[in-house]
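If you're matching them up, the sequences are chains A and B in order.
Count the first sequence with the numbering used here and you get residues 1 to 490, in order.
Count the second sequence with the numbering used here and you get residues 1001 to 1446, in order.
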Amino acid sequence: MPVTWIVLIILGLAAVGYVLGRQRAMASAGGDPRGLHSLPVYYGASVAIFTMVFSFLVLVAWLIIQPIVVENRIAATIPPEVIPEGSTIGLMMSDVRRIADGLDAAVAQGAMDRDYASSIRSEFTDVRERLGTIGVALGSDVGPPQLRAAQRYRAMSGTGSTLMTVVVLGIAIAGFGISMMRTNKDYRARNIVETAVLYLLIGAASIAILTTIGIILSLVFNTAEFFRLYPWTEFFFGTTWSPSFSGRGGASDLGFIPLLWGTLYISFIALIVAVPIGLYAAVYLSEYASNRVRSFAKPLLEVLAGIPTIVYGMFALLTVGPLLLAAFGDDGLGWMNAGTAVMTAGLVMGIMLIPFVSSLSDDIINAVPQAMRDGSYGLGATQSETIRQVVLPAALPGIVGAILLATSRAIGETMIVVMGAGAAAKLSLNPFEAMTTVTAKIVSQLTGDSDFASPEALVAFALGATLFVITLGLNVLALYIVRKYREQYE
Amino acid sequence: MTDATAQGAAAAPAGKTRTSLYTLDEGTKRRNAAEARFKAYGVTAICAGLFFLVVLFVSIISSGVPAFTRMVVEFDLTLTQEQYDDAESQVLKTAAYQAVFIEAFEAELNEAGVDAEFDAAALERMVGKTGGIIRSHFQANPDDIGSPVTFELPAASRIDGYFNGRLKREDVQDSRFLMVSDLDLADTLYEAGIIHNAFNWTFIFGSDSGVDNPGGAGIGVSVVGSFFMMLVVLALSLPIGVAASIYLEEFAAKNWFTDLIEVNISNLAAVPSIVFGILGLAVFIQFMGLPQSAPLVGGLVLTLMTLPTIIIATRSSLKAVPPSIRDAALGVGASKMQAVFHHVLPLAMPGILTGTIIGLAQALGETAPLLLIGMVGFVARAYPEGFMSGFTEANSVMPAQIYTWAARADQSFYEKAWGGIIILLIFLLTMNIIAIILRRRFERRW
């Protein structure tokens, strides 16, 4: 029975259970809800929960485990001597799976009947051609061992699915029956339902952990695969980046240093733009500005934070780049060859980071107790002296935290550098030269590529892993500093 | 302290330095100047920020508005039944139709009182293969035969570029795409009102065109892609985010598990978006085998990215509901769960929705992770066939479409990219305004 049908049957059973559970509870209380322990809806809901929850859990577990078990059993039955030269058991099993899927498709389309599909012999029929005619393409010829394994695979999967239907529906019916039997006026249905809801809430909260685990696993596995194909010393210490794409021949140089340099250089320029402007804006807004100016300037500055990065990318590529080129290019000072450069990307990224720095610093400056300012004024200091000598030193750890967060933002920023910084990986000090970054190379190595076997594609995962580690370190440090600072004045 | 008078302040008696509060000594002057400078730095910083904002918007609007209009060539044409039969009976059918068109066009010129020299080739360079267009119109609408029909054909992208200033007359060299003489003809026709500016509906409702056809490019299909993706994000991130926040804010005990969740959420909020793209590629596409470029996968990736934002917003609005509400509910016999779901949650709802909309607006503008899972602009070729296939069929989203246009060699696409940005910003602005209105109308201060 297809999985959708099983799901629908269970859902239907749960709906019936809801109605019947409610009725039974009401009947046991003599039709008066005041005689019940819980509200009538809870009795219905508890029957529905018992019907659904365990059966769905078993269903999901079965769907995950069955293919693994079947595969292992089939793989164990294939004698090692039938595996062709240069192939592995893993490759052979993927062939077997594909043939089995092909036979399934053939049966589903009516090109073969069920018995024929399980008795067909490759000695007498060209299975590859037969499957080819109904649109199932197979990579290699179908030999007798593969075909027999595929037929066994289908048989075992079929048995497994039947067994699964029986077990899952059995659990659903059992849950339905047991909870119906337990339903009477003293049954604590609300507690059951609330426990179930609580587990649901815990499950939702755990998704954050699962996401982190998912990120780490997807980075670790593919990075390990990359380092199997490419030496890690050359990745971390290599100073040239020149991937050669398969087909053109030649080995790739996948050195990480030039990308790291580009990333840091661009982030540095971005911070040079963003930190003074953001910090002075925050100081002015929190210490000097009247309420009217504040209520007008603060939201406007924060608009800059709400603009998507693709817009900044366009701004870098088509507005700032040509402007800089006019000033520093061949017509001007002659330092710049193209609109895409470290300066272009850094400048625009700095604009993007202004509201980030200013609103974080604003919060931190506001958290400095008024008593410290008053003390300073009382000693005769002017407002700017108070700010420079009392408020800012007091807020310094928080501001450092804010700048670290901005740095991590800059290092992880993608679209601005993809569009504004150029594509060539270079180790140079000239800020008007095109350079590239870790994020830009992740995009260019992975976009539109679904082949994850070559080091040129897998390197993106290694780059991603390094990026993740760097930004994670910065974030943890920044959060630690900010939290420490907050505790100081709370 | 001195007892000098105001009048004698400036002239202190020799020998003994007497100063007045009314005169500023060197130190005070310096300090006041420093104060003024410091204040000026602050004003400069704010002005710089606002200046960048203004430059950004001016360049978006000035470069993007031309994408919404295009030059069209307008003419009336009456095709008689005999002409139709005659043309259909010929071997070169479109050529016959073109002859009809040229005849009609001459009549149009005479009517407008314009004296212009033109040939068939020049017209083809300006408006494309008219014969085919006219033929397919009359084949699709046979009832129009015999009555006058007004055609509005989009001008070629180079003519378009000439009128909106992208293409300078000095730069034009004779080629099979455009002759300098065509520009004279175009100018004459423009003065006669035969070529005029019209709203470009293709840009709003069209799909991505090939690299050689900037005029036919539209953002409609990727808007639909964004829509389906945002549906997935909304349907997943709102319930999961609210459930997680309720657990953390109302039920979680202070233990290592809660701490672990908290640390994870605050870190995920700061993980670069591209890392989420890598996660989507490795887990959803590589491991689970979901289709590439599908709005469903994009939605899943962006859900994970948006969750921290929604959780942080929801928790702060749950925190803002005063404990007295909970106590009152518990006091009349509600269980903890009932107190939260019946009383606290409805009161926190405006704040939650505001946070959700802001999170969705962030997700709508996100590009980099979607490029990794294959939602690049050039897959947005056709509208999805049905509602369900809208989730699984390969499509793009607005920002990825803009990126694809900006990356093309033909500069005519840049204008489309800026136009796409205007549309994207209109969506974002609408969402933010809704969020602000929600906050103003429903937020309660306790």
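Backbone N, C-alpha and C define an ideal beta-carbon position, used for all residues, glycine too.
Checklist entry - Closest by CA to W5 of chain A, which one among A:V166, A:G44, A:A29? => result The candidate whose alpha carbon is nearest that of W5 of chain A is A:V166.
Item to check | Contact test: E1415 of chain B Cβ vs the ligand FMN heavy atom, cutoff 7 angstroms | outcome: With respect to the ligand FMN, the structure shown offers nothing to examine, as it has no ligands at all.
Item to check | Contacts of A1034 of chain B in chain A (Cβ-Cβ under 7 angstroms) | outcome: Residues of chain A whose Cβ lies closer than 7 angstroms to the Cβ of A1034 of chain B are, in chain order, S384.
Checklist entry - Mapping DSSP to helix, strand and coil, what is H37 of chain A? => result Residue state, collapsed to three classes: coil.
Item to check | DSSP bridge partner residues for T239 of chain A (one or two, in chain order) | outcome: DSSP lists no partner for T239 of chain A.
Next on the checklist: Under 8 angstroms, with one C-beta from each stretch per pair, do the region 68–75 of chain A and the region 90–107 of chain A reach the 3-pair mark?
Outcome noted: A contact exists between the region 68–75 of chain A and the region 90–107 of chain A.
Item to check | 8 angstroms CB neighbourhood of G247 of chain A in its chain, flanking five on each side removed | outcome: Model confidence at G247 of chain A stands at a pLDDT of 46, short of 50, so the residue's coordinates are unreliable; what they give is reported in the following sentence. When the five nearest sequence neighbours on each side are left out, no beta carbon in the same chain lies closer than 8 angstroms to the beta carbon of G247 of chain A.
Checklist entry - Under the three-state reduction of DSSP, which class applies to V1149 of chain B: helix, strand or coil? => result In this structure, V1149 of chain B counts as strand in the three-state DSSP scheme.
Checklist entry - Once you ignore the five residues that flank P1295 of chain B on each side, which residues in its own chain have a CB closer than 6 angstroms to its CB? => result Close CB contacts of P1295 of chain B within its chain, under the 6 angstroms cut and outside five residues either way in sequence, are with G1225, F1228, M1229, F1391, N1395 (chain order).
Checklist entry - In its own chain, which residues sit with a C-beta less than 7 angstroms from the C-beta of I1325 of chain B, not counting the 5 before and 5 after it? => result For I1325 of chain B, where only same-chain residues beyond five positions count, the Cβ hits under 7 angstroms are H1343, V1344, L1347.
Next on the checklist: Please report whether the beta-carbon of L254 of chain A lies at a distance below 8 angstroms from any beta-carbon of chain B.
Outcome noted: Not a single C-beta of chain B is nearer than 8 angstroms to the C-beta of L254 of chain A.
Next on the checklist: Within the continuous beta strand (DSSP E) that includes D1076 of chain B, where are the two ends?
Outcome noted: Residues 1069–1078.
Next on the checklist: When you compare the CB of W960 of chain B with every CB in chain A, is at least one pair closer than 8 angstroms?
Outcome noted: With chain B running from 1001 to 1446 in the structure shown, residue 960 of chain B is simply not present.
Checklist entry - Of all the residues that make up the region 1343–1372 of chain B, which are near chain A by a beta-carbon distance shorter than 9 angstroms? => result The residues in question are I1358, A1361, Q1362, L1364, G1365, E1366, T1367, A1368, P1369, L1371, L1372.
Checklist entry - Considering only the beta carbon of each residue, do L1167 of chain B and R1158 of chain B sit closer than 8 angstroms? => result The answer is yes: Cβ separation under 8 angstroms.
Item to check | Rounded straight-line distance, which links the Cα of N1164 of chain B to that of A440 of chain A | outcome: If I take the Cα positions, the gap works out to 33 angstroms.
Next on the checklist: Once DSSP output is grouped into helix, strand and coil, what is the label at F1199 of chain B?
Outcome noted: The three-state reading of DSSP puts F1199 of chain B in strand, counting E and B together.
Item to check | Bridge partners - L254 of chain A, DSSP secondary structure assignment | outcome: Bridge partners of L254 of chain A according to DSSP: A:W241.
Checklist entry - Quick one: what's P1322 of chain B bridged to in DSSP? => result DSSP, once it has assigned bridges, lists no residue as partnering P1322 of chain B.
Next on the checklist: Helix, strand or coil for P231 of chain A? Go by DSSP, reduced to three states.
Outcome noted: Here P231 of chain A sits in coil by DSSP.
Checklist entry - Along the chain, where does the alpha helix (DSSP H) that runs through T1028 of chain B open and close? => result 1026–1064 is the extent of the alpha helix (DSSP H) around T1028 of chain B.
Checklist entry - What separation, rounded to the nearest whole angstrom, lies between the Cα atoms of D374 of chain A and L1360 of chain B? => result Roughly 43 angstroms separates the two Cα atoms.
Checklist entry - Helix, strand or coil for P2 of chain A per DSSP? => result Three-state DSSP puts P2 of chain A in coil, outside helix and strand.
Item to check | Amino acids of chain A, ordered along the chain, whose beta-carbon sits closer than 8 angstroms to that of N1432 of chain B | outcome: Within chain A, the residues near N1432 of chain B are G306.
Checklist entry - Residues in its own chain within less than 7 angstroms of G464 of chain A by CB, not counting five upstream and five downstream? => result So the qualifying residues of the chain are L219, I442.
Checklist entry - Taking all protein chains shown into account, do 16 or more other C-beta atoms lie within 10 angstroms of the C-beta of T344 of chain A, making it buried, or fewer, making it exposed? => result Buried, by the Cβ-count rule.
Checklist entry - Any idea what DSSP makes of P1154 of chain B, helix, strand or coil? => result DSSP places P1154 of chain B within a strand segment (E or B) once states are collapsed to three.
Next on the checklist: Using a Cβ-Cβ distance cut-off of 8 angstroms, determine whether S1181 of chain B contacts chain A.
Outcome noted: With 8 angstroms as the cut-off, S1181 of chain B does not count as an interface residue toward chain A.
Item to check | CA-to-CA distance, E225 of chain A to L458 of chain A, given in whole angstroms | outcome: C-alpha of L458 of chain A to C-alpha of E225 of chain A: approximately 7 angstroms in a straight line.
Checklist entry - What's the gap between the Cα of V1283 of chain B and the Cα of S1273 of chain B? => result In this structure, the straight-line span from the alpha carbon of V1283 of chain B to that of S1273 of chain B is close to 15 angstroms.
Next on the checklist: Please state whether the Cβ-Cβ distance between V1100 of chain B and L1079 of chain B is less than 8 angstroms.
Outcome noted: Result yes, Cβ atoms of V1100 of chain B and L1079 of chain B sit closer than 8 angstroms.
Checklist entry - A1155 of chain B: buried (16+ other C-beta within 10 angstroms of its C-beta) or exposed? => result By the Cβ neighbour-count rule, A1155 of chain B is buried, with 16 or more other Cβ atoms within 10 Å of its own.
Checklist entry - What residues in its chain sit with their C-beta under 7 angstroms from that of G1161 of chain B, if we drop five residues either side in the sequence? => result L1167, S1412, listed in sequence order.
Item to check | Cβ neighbour criterion (16 or more within 10 Å) applied to F256 of chain A | outcome: Here F256 of chain A is buried, its C-beta having at least 16 other C-beta atoms within 10 Å.
Item to check | Under 9 angstroms (Cβ pairs) to chain B, residues found in the region 89–121 of chain A | outcome: Listed by position along the chain: nothing, the set is empty.
Checklist entry - So F54 of chain A and F176 of chain A are in contact, right, with Cβ under 8 angstroms, and what is the actual spacing, rounded? => result About 11 angstroms; that fails the 8 angstroms criterion.
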